[in-house]
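Visitor: The structure that follows is given in the form of structure tokens.
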Amino acid sequence: MAFLLGKVIVSGRIRLVSGTRVGGSQGGLKIGGVDLNVITDPQGRPYLPGSSLKGKLRSLTERVLEASVSDRGMHTCGKKDEYAKCDVCRTYGTLKSFEGVPTLTRLVARDVFLDESSITEEMRANMDMEFTEVKFETAIDRVSGTALKRSLRQVERVPAGAVFRPAEFVFNVYEENDKGLLRCLFVAMELLEDDYLGGMGSRGYGKVKFEDISVWWNRATDYQDGKVALSECRRINGEMKTPTALVQGFDTLKAKLT
């Protein structure tokens, strides 16, 4: 049985550098007949699902660590000895093991909600809906240079400049060796800034930037004493407020996880 040593809380904001689309259900039609909707909360506001964030971060981590990928396009360990050596599965979790060995997930990714104040009046004047814009997409015949028949579609996306916050990740520490795994999260965040979030990334969508990151360390005993406030005086990352800075200064940060 694993015992919790503590939790690392990583919080910040995600700024959209380009228009971003994380797709939602097309079960409900919106005014204007948008073909591809963004996912929204019950109040109709766009948000970034924790599942999308965690899945993208895991995919990028698999690539940089050169983890083997199955026929289903994902990596997962099937044996206990494989899991013990795998930074990917120990960080992000795994499917049911072939050996029936229970495994722990260290990383929790929360849903991230739109900061409505980031949508300025100037932006609203050029948007099609309250929180989103509509971009027309079409497929081009490479021979004739003209649009293919019936290929025109309307894509809803959250505009560049919008901010989602708080972006919160919780990293559970069960043993001393887990503390080093936290670096995988910061590297993946760094990679995501040079990749894309959501769909149509090869067409310019989905460039994001993590800003104003804060890191806190809550020991298991802190929870028993009620001393887990995410206050400025308890923040442990100093001036390291970007993924790159956290990767570069990781040894300094790790030394504070005592």
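Mapping of the sequence shown onto our numbering: position 157 corresponds to residue 158, and the numbering continues sequentially without gaps.
Positions of the beta carbon are idealized from the N, C-alpha and C atoms, including for glycine.
Report yes if the CB atom of V248 is closer than 7 Å to the CB atom of E157, and no otherwise.
Guide: Walking along the sequence shown from the start, residue 248 turns up at place 247. Walking along the sequence shown from the start, residue 157 turns up at place 156. Their beta carbons are not under 7 Å apart, which means V248 does not touch E157 by this criterion.
Visitor: With a cut-off of 8 Å, do at least 3 Cβ pairs link the region 165-176 to the region 131-140?
Guide: At 8 Å Cβ cutoff, the stretches do not touch.
Visitor: Report the CB separation of L61 from D196 in whole angstroms; it is logged as a contact under 8 Å.
Guide: Looking up residue 61 in the sequence shown gives position 60. Looking up residue 196 in the sequence shown gives position 195. 6 Å between Cβ atoms; contact.
Visitor: Quick check on DSSP: helix, strand or coil for L37?
Guide: Locating residue 37 in the sequence shown gives position 36, counting from the first residue. In this structure, L37 counts as strand in the three-state DSSP scheme.
Visitor: Pair every Cβ in the region 179-189 with every Cβ in the region 244-258, then say whether three or more of these pairs are closer than 8 Å.
Guide: A contact exists between the region 179-189 and the region 244-258.
Visitor: Looking at C-alpha atoms only, which residue of L153, D42, T121 and K86 is the closest neighbour of F114?
Guide: Locating residue 114 in the sequence shown gives position 113, where the first residue counts as 1. Among L153, D42, T121 and K86, the Cα nearest to that of F114 is on D42.
Visitor: Got a sec, what are the start and stop residues for the alpha helix (DSSP H) A189 sits in?
Guide: Stepping through the sequence shown from its first residue, residue 189 is reached at position 188. Run containing A189: D179 to E194, per the alpha helix (DSSP H) assignment.
Visitor: Rounded to a whole number of angstroms, what is the C-alpha to C-alpha distance between L198 and R111?
Guide: In the sequence shown, residue 198 corresponds to position 197, counting from 1. In the sequence shown, residue 111 corresponds to position 110, counting from 1. Using only the alpha carbons, I get a separation of about 15 Å.
Visitor: Measure from the alpha carbon of S19 to the alpha carbon of each residue in V164, A189, E169 and S215, then state which is nearest.
Guide: As a working mapping, residue 19 is identified with position 18 in the sequence shown. Considering only alpha carbons, the answer is V164.
Visitor: Would you be able to state if there are at least three C-beta pairs under 8 Å between the region 210-229 and the region 35-55?
Guide: No, the region 35-55 does not touch the region 210-229.
Visitor: Helix, strand or coil for F211 per DSSP?
Guide: Taking the sequence shown and counting its residues from 1, the one referred to as residue 211 is at position 210. DSSP places F211 in strand when its eight states are reduced to three.
Visitor: Among residues of its own chain, excluding the 5 on either side of D88, which ones have a beta-carbon nearer than 8 Å to its beta-carbon?
Guide: Here residue 88 corresponds to residue number 87 of the sequence shown, with the count starting at 1. Counting only Cβ-Cβ distances below 8 Å, and skipping sequence neighbours, we find T62, L66, L182 and C185.
Visitor: Under the three-state reduction of DSSP, which class applies to R204: helix, strand or coil?
Guide: Position 203 of the sequence shown, counted from the start, is the residue given in the question as residue 204. Looking at R204 - three-state DSSP - the assignment turns out to be helix.
Visitor: Please name the residue, chosen from T243, A221 and K86, that lies closest to L258 on a Cα-to-Cα basis.
Guide: The residue labelled residue 258 in the question sits at position 257 within the sequence shown. Of the listed residues, the one whose Cα sits closest to L258 is A221.
Visitor: From D252 to S215, what does the alpha carbon distance come to, in whole angstroms?
Guide: Taking the sequence shown and counting its residues from 1, the one referred to as residue 252 is at position 251. Taking the sequence shown and counting its residues from 1, the one referred to as residue 215 is at position 214. For D252 and S215, the distance between alpha carbons rounds to 16 Å.
Visitor: Quick one: Cα of L54 to Cα of P244, how far?
Guide: Indexing the sequence shown from 1 puts residue 54 at position 53. Indexing the sequence shown from 1 puts residue 244 at position 243. C-alpha separation (whole angstroms): 15 Å.
Visitor: Where Q155 and M241 are concerned, what is the direct C-alpha to C-alpha distance, given to the nearest angstrom?
Guide: In the sequence shown, residue 155 corresponds to position 154, counting from 1. In the sequence shown, residue 241 corresponds to position 240, counting from 1. Their Cα atoms are separated by approximately 40 Å.
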